[in-house]
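Just below is one structure, and these are the notes that go with it.
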Amino acid sequence: MSTLVFQSDFGLGDGAVSAMHGVSNMVNPDIKVDDLTHEIKPYDIFEASYRLLQTISYWPEGTVFVSVVDPGVGSDRHSIVVKTNSNHYIVTPDNGTISHVAKFIGLKSAKIIDELKDRLPFSENSHTFHGRDVYAYNGAKLATNEDYYEKLKSCEIKNLVIKDIKEATITNGVIEGTIDILDIRFGSLWTNISLDLLKKVGINQGDSIKVTIYNKEIKKYENQMTFGHSFSDVALGETIAYINSLINLGIAINQASFSDTYQIGTGSDWIIYIRKEK
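What follows is the structure in structure tokens.
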């Protein structure tokens, strides 16, 4: 028996998440159920994909993740289960939610859920809550017994919806990356620029770097800051660049929100340039 971990954009303002927990309890009251987050921005598949990558490697092999950010619920999009190269399972709509895991961890195999047959009994007239009726139900079945995976219909990994994940690049000593996501509670920017790329252009902790941020070709921020070890390397209210928990570059203000202060967002349209100051 494995642990079941839920993620969604449902929030906690109503009974949706509790209903998913209830279904898993109906399937098997002995399953350990936990939550990754239910605060994904509504319909934000990219964020759901990123949060899975952020979390999955810290859970034991065999853990079953159910991720429900499903703007296409009730349409002809497929429902899938994938097994990763790290031997975790993800139960989710086939809409790109597995993109980060597919790129950075890899997939061993994939299955398609028959939404007419493999669902919560007596739920066939419900078409807008597959999180409860399809994903929580199948996730609980799989967490109860990994053999359930083999009973599902196989599909080719190449046929899954896997979105392009941009990689940071170096041109003439300048790193170009994207602001993928926020450290939400604190407003720090998390980029796709790895520590290895910083080292390639000779940027070491303690150096001064120039940070420039554009949104759709409009400059939103430009300044110098220290590339430090942690927030306390600079005074209260000062900016700092640092390495986050995914070993990528983060941009922050010591005890304030960089995102709110400078009105910086996330996504492929938010481009960040990093250059070592001489």
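Just so you know, this note's numbering puts 205 at position 212 of the sequence shown, and the rest follows in order with no gaps.
Note that CB positions come from ideal geometry on N, CA and C, so glycine has one too.
Under the criterion of beta carbons closer than 8 Å, Asp27 and Val(-2) qualify as touching, at roughly 5 Å. Less than 9 Å separates the beta-carbon of Ala41 from that of Asp2. Spatial neighbours of Ile33 in its own chain (CB-CB distance under 6 Å, excluding positions within 5 residues in sequence) are listed in chain order as Asp2, Glu40, Ala41 and Val62. Comparing C-alpha distances from Pro53 to each of Lys203, Asn118 and His81 shows the shortest one belongs to His81. The three-state reading of DSSP puts Thr30 in strand, counting E and B together. For Lys213 and His123, the gap between their C-alpha atoms comes out near 40 Å. Non-local C-beta neighbours of Leu229 in its own chain, meaning closer than 8 Å and more than five positions away in sequence, comprise Asn247 and Gln248, ordered along the chain. The three-state secondary structure of Gly243, taken from DSSP, is strand. Boundaries for Leu(-3): no alpha helix (DSSP H) harbours it, while the beta strand (DSSP E) harbouring it runs Leu(-3) to Ser1, taken from the DSSP string. The residue from Ile202, Glu270 and Lys209 with its alpha-carbon nearest to that of Ile244 is Ile202.
C-alpha of Lys193 to C-alpha of Ala133: approximately 45 Å in a straight line.
For the pair Val10 and His31, the CB atoms are nearer than the 9 Å cut-off. Membership of Phe220 in the beta strand (DSSP E) is indicated by the continuous run Ile211 to Phe220. In the three-state DSSP reduction, Ala234 falls in the strand class (E or B).
If you look at Ala103, you'll find it in the beta strand (DSSP E) that goes Leu100 to Ile106.
In the three-state DSSP reduction, Tyr130 falls in the helix class (H, G or I). Ranked by how close their Cα comes to the Cα of Tyr266, the residues Asp189, Asn216 and Ala12 have Asn216 in first place.
Distances from the alpha-carbon of Ala103 to those of Val66, Gly89 and Cys148 put Cys148 closest. Between Ile150 and Val75, the C-beta spacing is below 9 Å. The beta carbon of Asn197 is closer than 7 Å to none in its chain, skipping five residues each way along the sequence. Residue Ile172 holds the alpha-carbon nearest to the alpha-carbon of Lys209 among Asp189, Arg178, Thr90 and Ile172. Every unbroken stretch of the beta strand (DSSP E) spanning 3 or more residues and falling wholly within the stretch 129 to 213 is given here in chain order: 146 to 148, 162 to 164, 167 to 176, 181 to 187 and 201 to 208.
DSSP places Gly15 in the uninterrupted alpha helix (DSSP H) bounded by Ala9 to Val20. Thr85 is the residue among Asp253, Thr85 and Leu29 whose C-alpha sits nearest the C-alpha of Asp126.
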